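S.K.: Before I ask anything, here is the structure I am working with.
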Amino acid sequence: MELIRFQETHTGLINTYTLSEEQLRFTGHPAYSVPLCREEPNRHAVLGMDDNRLVTYFVLHEQEGVHPFSDNPNAILLRTLSTDHQNLGKGYGKAALQQLPDFVQMQFPHVNEIVLAVNETNEFARKLYEKCGYQDTGRRVMGSKGILIVMSYALEMKG
1 MELIRFQETH TGLINTYTLS EEQLRFTGHP AYSVPLCREE PNRHAVLGMD
51 DNRLVTYFVL HEQEGVHPFS DNPNAILLRT LSTDHQNLGK GYGKAALQQL
101 PDFVQMQFPH VNEIVLAVNE TNEFARKLYE KCGYQDTGRR VMGSKGILIV
151 MSYALEMKG
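Okay, structure coming up:
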């Protein structure tokens, strides 16, 4: 699996991406977030691809997107991470999170922290983030679907 930035040629893949009702309780469908990425230059859609299949999706949001969750001007927010419903349980979400630090350092060399907010009732996701090195910052934010636990992954600066 590899992480790539969304391009307009990927629109068909976005349209066939499926999420269950359970998944939609905690995340948004890419069809809703891709238009926001087109409108806002600080939002970047990222695809997890395996053999030309879209298996995971997320957005990296710089600057104003980070502010509710971190005071670090060099942080980037990971949002709307999901795995296509047909590909759940195959390790793609974990693989995406494991590749994310190197991807961020290549694409956004000024970034030194990845921040995310996970719904406190989404225990599966929280445990996955912890396994992949994210730490609870102690910060809590009220989201549209309940209380969010803010987690952070510090990046080592290269160079």
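Each residue of the sequence shown is one higher than the one before, counting from 1 in the UniProt record's numbering. The C-beta atom is built at its ideal place from N, Cα and C for all residues, glycine as well. The structure presented is a predicted model; accordingly, all values stated were derived computationally and were not measured.
Label residue 3 either buried or exposed according to how many other C-beta atoms from any shown protein chain fall within 10 Å of its C-beta, with 16 as the threshold for buried.
M.R.: Position 3 of the sequence shown, counting from 1, holds the residue named residue 3. By the neighbour-count rule (16 or more Cβ atoms within 10 Å), residue 3 is buried.
S.K.: At the level of alpha carbons, what is the spacing between residue 10 and residue 108?
M.R.: Along the sequence shown, read from residue 1 onward, the residue named residue 10 stands at position 10. Along the sequence shown, read from residue 1 onward, the residue named residue 108 stands at position 108. Distance between the alpha carbons of residue 10 and residue 108 is about 21 Å.
S.K.: CA-CA distance, residue 1 and residue 80?
M.R.: By one-based count along the sequence shown, residue 1 stands at place 1. By one-based count along the sequence shown, residue 80 stands at place 80. Between residue 1 and residue 80, the C-alpha separation is close to 19 Å.
S.K.: Buried or exposed for residue 15, going by 16 or more other Cβ atoms inside 10 Å?
M.R.: Here residue 15 is taken as the residue at index 15 of the sequence shown, counted from 1. Flag for residue 15 reads exposed.
S.K.: Count Cβ pairs between the segment 116-124 and the segment 142-149 that sit closer than 8 Å; are there 3 or more?
M.R.: Counting Cβ pairs under 8 Å, three or more are found: they touch.
S.K.: Check the C-beta distance from residue 58 over to residue 66 and give it rounded, since I have them as a contact under 8 Å.
M.R.: Walking along the sequence shown from the start, residue 58 turns up at place 58. Walking along the sequence shown from the start, residue 66 turns up at place 66. Actually they do not touch by this definition, with Cβ atoms about 15 Å apart.
S.K.: Assuming residue 13 is part of the alpha helix (DSSP H), what are its boundary residues?
M.R.: Numbered from its first residue, the sequence shown carries residue 13 at position 13. Counting along the chain, the alpha helix (DSSP H) containing residue 13 begins and ends at 11-16.
S.K.: Are the segment 91-104 and the segment 36-43 touching, with three or more C-beta to C-beta distances below 8 Å?
M.R.: Because the criterion of three Cβ pairs below 8 Å is not met, the segment 91-104 and the segment 36-43 do not touch.
S.K.: According to DSSP, is residue 62 helix, strand or coil?
M.R.: Within the sequence shown, numbered from 1, the residue matching residue 62 stands at position 62. In this structure, residue 62 counts as coil in the three-state DSSP scheme.
S.K.: What does DSSP give as the partner residue(s) for residue 118 in the beta ladder?
M.R.: Within the sequence shown, numbered from 1, the residue matching residue 118 stands at position 118. DSSP, once it has assigned bridges, lists 149 as partnering residue 118.
S.K.: Please report how far the alpha carbon of residue 71 lies from the alpha carbon of residue 127, in whole angstroms.
M.R.: As a working mapping, residue 71 is identified with position 71 in the sequence shown. As a working mapping, residue 127 is identified with position 127 in the sequence shown. Near 24 Å, if we compare the C-alpha coordinates of residue 127 and residue 71.
S.K.: Mapping the DSSP letters down to three states, classify residue 102 as helix, strand or coil.
M.R.: Within the sequence shown, the letter at position 102 stands for residue 102. Residue 102: helix per DSSP, three-state reduction.
S.K.: Residue 75 bridges to which residues according to DSSP?
M.R.: For this step, residue 75 is matched to residue 75 along the sequence shown. DSSP output for residue 75 lists 113 as bridge partner(s).
S.K.: Take residue 74 and list the residues in its own chain whose beta-carbon comes closer than 8 Å to its own, dropping the five residues that flank it on each side.
M.R.: The count along the sequence shown starts at 1 and reaches residue 74 at position 74. For residue 74, where only same-chain residues beyond five positions count, the Cβ hits under 8 Å are 110, 111, 112 and 113.
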